[in-house]
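Below: the structure, in structure tokens.
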Amino acid sequence: MQGRLLALGLVMVACGNDARVDDDGGDSTEPDAAIDASPPIDAPPDAAPFLIPDTPANTWTWVEIPGTTCANGSPFGIGVNRSTVSDDITVFFAGGGACWTYEMCFGANPTATHIEDTYTQATLTQEVGTTANHNQPGNPLGQATTIFVPYCTGDLHAGSKLTTYTMGGNTGQVFHTGSTNTAAIVDALATKYTAAEKVFVYGASAGGYGATLNFHLFATAFPTAERHLLQDGSPFVNFTDLTNYTTLQTQWAFVFPPNCTGCPTSFPAIMDTVGAANPTSRIGLLSYTEDAVIGDYFGFTPGMLTTATNNLVDNQYDLPNTKAFIVAGTDHVMLGRENITTGPANKPLDTWLAEWVLGLPAWETARP
Numbered sequence: 064m065q066g067r068l069l070a071l072g073l074v075m076v077a078c079g080n081d082a083r084v085d086d087d088g089g090d091s092t093e094p095d096a097a098i099d100a101s102p103p104i105d106a107p108p109d110a111a112p113f114l115i116p117d118t119p120a121n122t123w124t125w126v127e128i129p130g131t132t133c134a135n136g137s138p139f140g141i142g143v144n145r146s147t148v149s150d151d152i153t154v155f156f157a158g159g160g161a162c163w164t165y166e167m168c169f170g171a172n173p174t175a176t177h178i179e180d181t182y183t184q185a186t187l188t189q190e191v192g193t194t195a196n197h198n199q200p201g202n203p204l205g206q207a208t209t210i211f212v213p214y215c216t217g218d219l220h221a222g223s224k225l226t227t228y229t230m231g232g233n234t235g236q237v238f239h240t241g242s243t244n245t246a247a248i249v250d251a252l253a254t255k256y257t258a259a260e261k262v263f264v265y266g267a268s269a270g271g272y273g274a275t276l277n278f279h280l281f282a283t284a285f286p287t288a289e290r291h292l293l294q295d296g297s298p299f300v301n302f303t304d305l306t307n308y309t310t311l312q313t314q315w316a317f318v319f320p321p322n323c324t325g326c327p328t329s330f331p332a333i334m335d336t337v338g339a340a341n342p343t344s345r346i347g348l349l350s351y352t353e354d355a356v357i358g359d360y361f362g363f364t365p366g367m368l369t370t371a372t373n374n375l376v377d378n379q380y381d382l383p384n385t386k387a388f389i390v391a392g393t394d395h396v397m398l399g400r401e402n403i404t405t406g407p408a409n410k411p412l413d414t415w416l417a418e419w420v421l422g423l424p425a426w427e428t429a430r431p
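So the mapping is simple: this note's numbering equals the position in the sequence shown, first residue as 1, plus 63.
This is the structure in structure tokens:
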């Protein structure tokens, strides 16, 4: 049980491709740059929910979801790996950086993945492989049907806008539609998996933020199921320069969880809102004290992120249903290495994850 709880093959690839940025987290004042003032994209009109087809068991299959789009305007969708031994589902949100300026999205070193790509079955196979073994007795996460939500919108899966970026006479458009995509996906999942008794939602890096920002959709779609959330390398610490936070909200038409009144000025307030709104859901954070990727994006200098992470754990992961697994170091994500990662007091990560999955009393915060 404690070995490879999340070992369906997808996490090792999907978590490890985050783009990197300079230490200032990206320059929001590029020459000739401008804030796109166009309105958010409206949700599509009500229609019959899309029914996910029956896909081959134990095999990754690409399923396009109507009404969704990648950054370049091409169709979006999900990877489905169907189980025949469980009605439950796990939903993994992939990571891969973020962008909110022309240089970040289209420059020589883009800071978000798949911005100019069309996602296909071949892309899915490259990222998660072809098969998965769901016959894992005693492991509800491994037995469940697995849903892979790719990342191709550069907006933490939380945008709702077609944005035009300019710099030095160059122009590029990005469908930052992560939020509208996720809403359509969750509607489709709710229509298909009506018998699910447990729904595990998790993600890595940008995907961990996306899983959290959209967790309320699963509460609405699966009101009678157990719902649990795991964030890997996705600490809700504040930006050192709130200008970047304000800019990305405008460029993406950022969609916050319901009743998140303090969120436009405080990134940690998102965790306050999500934790309080889901008291029966286990919400776990995996994070390194000096995560170099997070430090780059949020503008931290060495030592600052440790302090910010400690404050986050003290104030946002102090509820009975919110716990954290913190390891000293500069690495970024832990999933895919759970059988070799050890935390404080020599507690193995796979043991902590087993406690999260099963809701064992021993599931508590572990930190240096």
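Even glycine gets a Cβ: it sits at the ideal position worked out from N, Cα and C.
- Using a Cβ distance threshold of 8 Å, valine 337 and phenylalanine 278 count as a contacting pair.
- Per DSSP, proline 138 is one residue of the beta strand (DSSP E) stretching across 138–144.
- A direct Cα-Cα distance of roughly 33 Å separates threonine 122 from lysine 386.
- According to the DSSP secondary-structure assignment, tryptophan 426 is paired through a beta bridge with no residue.
- A residue is called buried once 16 or more other Cβ atoms fall within 10 Å of its Cβ, and glycine 130 is buried on that count.
- Under the rule that a run must span 4 or more residues, the alpha helix (DSSP H) segments found entirely inside the stretch 332–371 read 355–361.
- Glycine 392 is classed as exposed because its beta carbon has fewer than 16 other beta carbons within 10 Å across all chains shown.
- Within the DSSP secondary-structure output, glutamate 289 pairs in a beta bridge with Lys261.
- The alpha-carbon separation between isoleucine 152 and leucine 204 amounts to approximately 8 Å.
- Beta-bridge analysis with DSSP links threonine 306 to no other residue.
- Each of Asp381, Leu305, Ala408, Gly160 was checked against the Cα of histidine 177, and the nearest Cα belongs to Gly160.
- Burial check for leucine 114: the Cβ neighbour count within 10 Å stays below 16, so the residue is exposed.
- For histidine 239, the uninterrupted beta strand (DSSP E) run begins and ends at 233–239, by DSSP.
- For threonine 186, the enclosing alpha helix (DSSP H) stretches over residues 184–191.
- CA-to-CA, the gap between proline 365 and proline 321 works out to about 34 Å.
- Taking 8 Å as the upper bound for CB-CB distance, threonine 369 and proline 298 are not in contact here, some 11 Å apart.
- The DSSP-derived three-state label of methionine 167 is helix.
- Segment contact: the stretch 257–268 against the stretch 326–335, fewer than three CB-CB distances shorter than 8 Å; contact not assigned.
- Rounded to the nearest whole angstrom, the C-alpha separation of aspartate 150 and proline 383 is 28 Å.
- Alanine 251 sits in a helix when the DSSP states are folded into three classes.
- The alpha-carbon of histidine 239 is positioned some 10 Å away from that of leucine 311.
- In this chain, tyrosine 214 is not harboured by any beta strand (DSSP E), its DSSP state being neither H nor E.
- Under a 10 Å Cβ-count criterion, isoleucine 248 is classified as buried, with 16 or more other Cβ atoms of the shown protein chains found around its own Cβ.
- Between tyrosine 214 and glycine 270, the C-beta gap is smaller than 8 Å, which places the two residues in contact.
- Taking all protein chains shown into account, glutamate 418 has 16 or more neighbouring C-beta atoms within 10 Å of its C-beta and is therefore buried.
- DSSP, reduced to helix, strand and coil, places phenylalanine 317 outside both helices and strands of the structure shown, so it counts as coil.
- Secondary structure within the stretch 386–416: not one fully enclosed beta strand (DSSP E) run of 3 or more consecutive residues is present.
- Of the residues Cys323, Pro327, Ile346, the one whose Cα lies closest to the Cα of leucine 305 is Pro327.
- Valine 376 carries a helical assignment under DSSP once its states are collapsed to helix, strand and coil.
- Look at alanine 269 here: in three-state DSSP terms it is helix.
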